[in-house]
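**Q** Taking this note's numbering, I'd label the letters of the sequence shown as residues 314 to 727.
Dropping a structure here in structure tokens format, bear with me for questions.
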Amino acid sequence: MDHLRQQDPALAELISREARRQASVLRMIPSENYASHAVLEATGSCLSNKYSEGYAHFRYYQGQEFIDRIEDLAVERATTLFGAEHANLQPYSGSPANMAVYFGLLKPGDRVMGMDLSAGGHLTHGAKVSFSGKFYQVRQYGLDPSTQLIDYEAARRLAKEWQPRLIFTGASSYPRVIDFAAFRSIADEVGAYLVADISHISGLCLSGDHPHPLPQVDVVTTTTHKLLRGPRGGMILCRGALGPKIDKAVFPGLQGGPHNHVTAAIAVALGEAARPEYAEYCHQVVKNARALAQGLREREFSLITGGTDNHLVLIDATALGLTGKILAVALEEAGIVANANKIPFDPRPADDPSGLRLGTPALTTRGFKEAEMDQVADMIHQVSRNTSRPEVLAKIKARVETLCAQFPAPGLPE
Ligand code: DSN
Numbered sequence: 314m315d316h317l318r319q320q321d322p323a324l325a326e327l328i329s330r331e332a333r334r335q336a337s338v339l340r341m342i343p344s345e346n347y348a349s350h351a352v353l354e355a356t357g358s359c360l361s362n363k364y365s366e367g368y369a370h371f372r373y374y375q376g377q378e379f380i381d382r383i384e385d386l387a388v389e390r391a392t393t394l395f396g397a398e399h400a401n402l403q404p405y406s407g408s409p410a411n412m413a414v415y416f417g418l419l420k421p422g423d424r425v426m427g428m429d430l431s432a433g434g435h436l437t438h439g440a441k442v443s444f445s446g447k448f449y450q451v452r453q454y455g456l457d458p459s460t461q462l463i464d465y466e467a468a469r470r471l472a473k474e475w476q477p478r479l480i481f482t483g484a485s486s487y488p489r490v491i492d493f494a495a496f497r498s499i500a501d502e503v504g505a506y507l508v509a510d511i512s513h514i515s516g517l518c519l520s521g522d523h524p525h526p527l528p529q530v531d532v533v534t535t536t537t538h539k540l541l542r543g544p545r546g547g548m549i550l551c552r553g554a555l556g557p558k559i560d561k562a563v564f565p566g567l568q569g570g571p572h573n574h575v576t577a578a579i580a581v582a583l584g585e586a587a588r589p590e591y592a593e594y595c596h597q598v599v600k601n602a603r604a605l606a607q608g609l610r611e612r613e614f615s616l617i618t619g620g621t622d623n624h625l626v627l628i629d630a631t632a633l634g635l636t637g638k639i640l641a642v643a644l645e646e647a648g649i650v651a652n653a654n655k656i657p658f659d660p661r662p663a664d665d666p667s668g669l670r671l672g673t674p675a676l677t678t679r680g681f682k683e684a685e686m687d688q689v690a691d692m693i694h695q696v697s698r699n700t701s702r703p704e705v706l707a708k709i710k711a712r713v714e715t716l717c718a719q720f721p722a723p724g725l726p727e
């Protein structure tokens, strides 16, 4: 950042401090990760200077000789890696990707089904506060209260009654496997499109740690910056026949020029994800989440569904006499960064919910293994018992910093 430091030292200093923060805390928000230096170099490249409305070889601006080749490469890597017939890498992030699917396949006012936010679904899966709940008629499915698992038979009954044109699957806070085949049979019974938002589990679908949604679903959406370790962006994969509708919805329906620097950085991340060590990384993400869950269970934490099959663990903080927010704030003071989150059937509001969501993608990128996850569980336990004792939290923070120093994070300055 030599140029930035010289020209705008105040901003350079803030970025440096953020880099130091990312290096010295345990980043456990399940949707965050560390991108490689290579991904960050592409993101920060001169490609940011170029306008390229349209798609490779069909542009509205001249000067696309290299941009077209970059988009071709990115699309080819995406279709090969995910086994998809068609890929659109232009959505600016996950919510715009989902919005493009609605705009491409439906008319405003059409009927939709998605998973309820408090069951672990995403805002764009039909929540009233999002465009999806405002422009479409939505009914939401959820969990079986006795198991806290998706209630597929209730979803089937709801689909038969509601006759949606589109069903969204996928989640932001669900620690178990999603049965795409069950949703396919539900969608087929009512003739609905089936969409899988795999933003949280994309890598696990590639590594075989979670069932792959293709070819069962019609459309797959994902962000590119979570388990995929790319830049902040979005991606839509679909059957070839749906490609033109999706492409038109992204451009010119929703967006103008694609972020070419992001497209290139996604291509870099997809190249990394095609390597055998990426599958090893994803296997370890799940092993680490299981080890974390076990460590927390042994210390008498109450976990939603009792554990995890994927990269995240959801704690009921009220079982400790706390709330998610109180625990999240105390953890941050101790150098452990997670997020307060709703739990299934949560009686508390979204801005002060009962749960805490913890994930292992970023720590696994640093090289943490099961033994370190047990240490992390121990520190979370210590924090939970000392939320109002700053002197204890400071001691845990020192322990966190010692641990972090042993596992340098990729992509950050040395
Ligand atoms: N905001 C992202 C998350 O944290 O899960 C996507 O939902």
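Positions of the beta carbon are idealized from the N, C-alpha and C atoms, including for glycine.
The model shown is predicted, which means the values in this text are computed figures rather than measured ones.
What are the start and end residues of the alpha helix (DSSP H) that includes Ala-711?
**A** The sequence position of residue 711 within the sequence shown is 398, counting from 1. Start and end: 703-719.
**Q** Give the secondary structure of Leu-507 by DSSP, where H, G and I count as helix, E and B as strand, and everything else as coil.
**A** Counting from 1 along the sequence shown, the entry for residue 507 is found at position 194. Residue state, collapsed to three classes: strand.
**Q** Could you give the distance in angstroms between the alpha-carbon of Asp-315 and the alpha-carbon of Ala-332?
**A** Along the sequence shown, one-based indexing puts residue 315 at 2. Along the sequence shown, one-based indexing puts residue 332 at 19. If I take the Cα positions, the gap works out to 15 angstroms.
**Q** CB Ile-511 to CB Val-490, shorter than 8 angstroms?
**A** As a working note, residue 511 is residue 198 in the sequence shown. As a working note, residue 490 is residue 177 in the sequence shown. No, they are not a contact pair.
**Q** By the three-class DSSP mapping on this structure, what secondary structure does Phe-444 have?
**A** Position 131 of the sequence shown, counting from 1, holds the residue named residue 444. In the three-state scheme derived from DSSP, where H, G and I count as helix and E and B as strand, Phe-444 is classed as helix.
**Q** From what residue to what residue does the beta strand (DSSP E) around Arg-333 run?
**A** Taking the first residue of the sequence shown as position 1, residue 333 is located at position 20. Careful: Arg-333 lies outside any beta strand (DSSP E), inside the alpha helix (DSSP H) at 322-337.
**Q** Using a 10 Å radius around the Cβ and a threshold of 16 neighbouring Cβ atoms, would you call Pro-557 buried or exposed?
**A** Taking the first residue of the sequence shown as 1, we reach residue 557 at position 244. When all chains shown are included, Pro-557 counts as exposed.
**Q** DSSP state of Ile-514, grouped into three classes?
**A** For the purposes of this step, residue 514 is taken as residue 201 along the sequence shown, with counting starting at 1. Looking at Ile-514 - three-state DSSP - the assignment turns out to be coil, as it is neither helix nor strand.
**Q** With DSSP as the reference, label Thr-356 as helix, strand or coil.
**A** As a first step, residue 356 is located in the sequence shown; it is residue number 43 there, counting from the start. The answer is helix: DSSP assigns Thr-356 an H, G or I state.
**Q** For the ligand DSN, I want to know if Ile-514 counts as a neighbour, meaning its beta carbon is within less than 7 angstroms of at least one of the ligand's heavy atoms.
**A** On the sequence shown, residue 514 is found 201 positions in, with the first residue counted as 1. No - the ligand DSN has no heavy atom lying nearer than 7 angstroms to the Cβ of Ile-514.
**Q** Looking only at DSSP bridge pairs, what is Arg-424 linked to?
**A** On the sequence shown, residue 424 is found 111 positions in, with the first residue counted as 1. For Arg-424, which the question treats as bridged, DSSP gives the partners Gln-450.
**Q** Who are Thr-534's beta bridge partners in DSSP?
**A** As a working note, residue 534 is residue 221 in the sequence shown. DSSP, once it has assigned bridges, lists Asp-510, Ile-549 as partnering Thr-534.
**Q** Compare the C-beta of Gly-446 against all C-beta atoms of chain B and say whether one is closer than 8 angstroms.
**A** Here chain B cannot be found, since the structure has a single protein chain.
**Q** What is the rounded straight-line gap between the Cα of Cys-595 and the Cα of Lys-682?
**A** As a working mapping, residue 595 is identified with position 282 in the sequence shown. As a working mapping, residue 682 is identified with position 369 in the sequence shown. Whole-angstrom Cα-Cα distance: 12 angstroms.
**Q** Is DSSP giving Gly-570 helix, strand or coil here?
**A** Here the question's residue 570 lines up with position 257 in the sequence shown. If DSSP states are grouped into helix, strand and coil, Gly-570 belongs with coil.
**Q** Assuming Asp-629 is part of the beta strand (DSSP E), what are its boundary residues?
**A** Counting from one through the sequence shown, the residue named residue 629 turns up at place 316. First-last of the beta strand (DSSP E) with Asp-629: 625-629.
**Q** Using the C-alpha atoms, what's the distance from Pro-524 back to Asp-664?
**A** Residue mapping note: residue 664 aligns to position 351 of the sequence shown, counting from 1. Residue mapping note: residue 524 aligns to position 211 of the sequence shown, counting from 1. Between the alpha carbons of Asp-664 and Pro-524 lies a gap of roughly 33 angstroms.
**Q** Could you check whether Arg-679 and Phe-720 sit closer than 8 angstroms to each other, using their CB atoms as the reference points?
**A** As a first step, residue 720 must be located in the sequence shown, where it is residue number 407. As a first step, residue 679 must be located in the sequence shown, where it is residue number 366. Cβ atoms of Phe-720 and Arg-679: closer than 8 angstroms.
**Q** Output the distance between the C-alpha atoms of Val-575 and Arg-702, rounded to the nearest integer angstrom.
**A** Your numbering for residue 575 matches position 262 in the sequence shown. Your numbering for residue 702 matches position 389 in the sequence shown. Approximately 43 angstroms between the Cα atoms of the pair.
**Q** Can you tell me which of Arg-382, Gln-597, Met-548 puts its alpha carbon nearest to the alpha carbon of Glu-685?
**A** Counted from its first residue, the sequence shown places residue 685 at position 372. When each option's Cα is compared against that of Glu-685, the closest is Gln-597.
**Q** Report whether the distance from the Cβ of His-350 to the nearest heavy atom of the ligand DSN is below 7 angstroms.
**A** Here residue 350 refers to the residue found at position 37 of the sequence shown. The answer is no for His-350.
**Q** Would you mind reading off the limits of the beta strand (DSSP E) that contains Arg-670?
**A** One-based indexing of the sequence shown puts residue 670 at position 357. Its beta strand (DSSP E) spans residues 668-672.
**Q** For the putative contact between Pro-674 and Lys-539, defined by C-beta atoms under 8 angstroms, what is the C-beta separation to the nearest angstrom?
**A** Here residue 674 corresponds to residue number 361 of the sequence shown, with the count starting at 1. Here residue 539 corresponds to residue number 226 of the sequence shown, with the count starting at 1. Between Lys-539 and Pro-674 the Cβ distance is about 7 angstroms, and since that is below 8 angstroms, they are a contact.
**Q** Do you know offhand how far Leu-625's Cα is from Arg-372's?
**A** Position 312 of the sequence shown holds residue 625. Position 59 of the sequence shown holds residue 372. Between the alpha carbons of Leu-625 and Arg-372 lies a gap of roughly 41 angstroms.
**Q** Out of Pro-343, Val-705, Pro-322, which one is the CA nearest neighbour of Ser-515?
**A** Your numbering for residue 515 matches position 202 in the sequence shown. Nearest C-alpha to Ser-515: Pro-343.
**Q** Pull the bridge partners of Thr-482 from the DSSP assignment, please.
**A** Counting from one through the sequence shown, the residue named residue 482 turns up at place 169. Thr-482 pairs with Ala-509.
**Q** For Gly-620, I'd like the list of residues in its chain whose CB is within less than 8 angstroms of its CB, leaving aside the five on either flank, ordered along the chain.
**A** Here residue 620 refers to the residue found at position 307 of the sequence shown. Short of 8 angstroms from the beta carbon of Gly-620, and not among the five residues preceding or following it, lie these beta carbons of its own chain, in chain order: Pro-488, Arg-603, Ala-606, Gln-607, Arg-610, Val-626.
**Q** Quickly, what does DSSP pair Ala-400 with across the bridge? List them, please.
**A** Position 87 of the sequence shown, counting from 1, holds the residue named residue 400. Answer is Leu-550.
**Q** Can we count His-435 as close to the ligand DSN, meaning its CB is less than 7 angstroms from some heavy atom?
**A** Residue 435 sits at position 122 when you count from the first residue of the sequence shown. Yes, the ligand DSN has a heavy atom inside 7 angstroms of this Cβ.
**Q** If Val-425 sits next to Tyr-449, beta carbons under 8 angstroms apart, how far is it from one beta carbon to the other, in whole angstroms?
**A** As a position in the sequence shown, residue 425 is number 112, starting the count at 1. As a position in the sequence shown, residue 449 is number 136, starting the count at 1. Their Cβ separation, rounded to whole angstroms, is 5 angstroms, which keeps Val-425 and Tyr-449 in contact under 8 angstroms.
**Q** May I ask you to report which of helix, strand or coil DSSP gives Ala-562?
**A** Taking the first residue of the sequence shown as 1, we reach residue 562 at position 249. Three-state DSSP puts Ala-562 in a helix.
**Q** Could you name the residues of the same chain whose beta carbon sits closer than 8 angstroms to that of Leu-517, not counting the 5 residues immediately before and after it, in chain order?
**A** If you number the sequence shown from 1, residue 517 lands on position 204. Excluding residues within five positions, the ones whose Cβ falls inside 8 angstroms are His-523, Leu-540, Cys-595, Val-598, Val-599, Asn-623, His-624.
**Q** Can you list, in chain order, the residues of its chain whose CB lies under 6 angstroms from that of Glu-345, leaving out five sequence neighbours each side?
**A** As a first step, residue 345 is located in the sequence shown; it is residue number 32 there, counting from the start. Ala-675.
**Q** Buried or exposed for Arg-382, please, with buried defined as at least 16 other CB atoms from any protein chain shown within 10 angstroms of its CB.
**A** As a working note, residue 382 is residue 69 in the sequence shown. Arg-382 comes out exposed.
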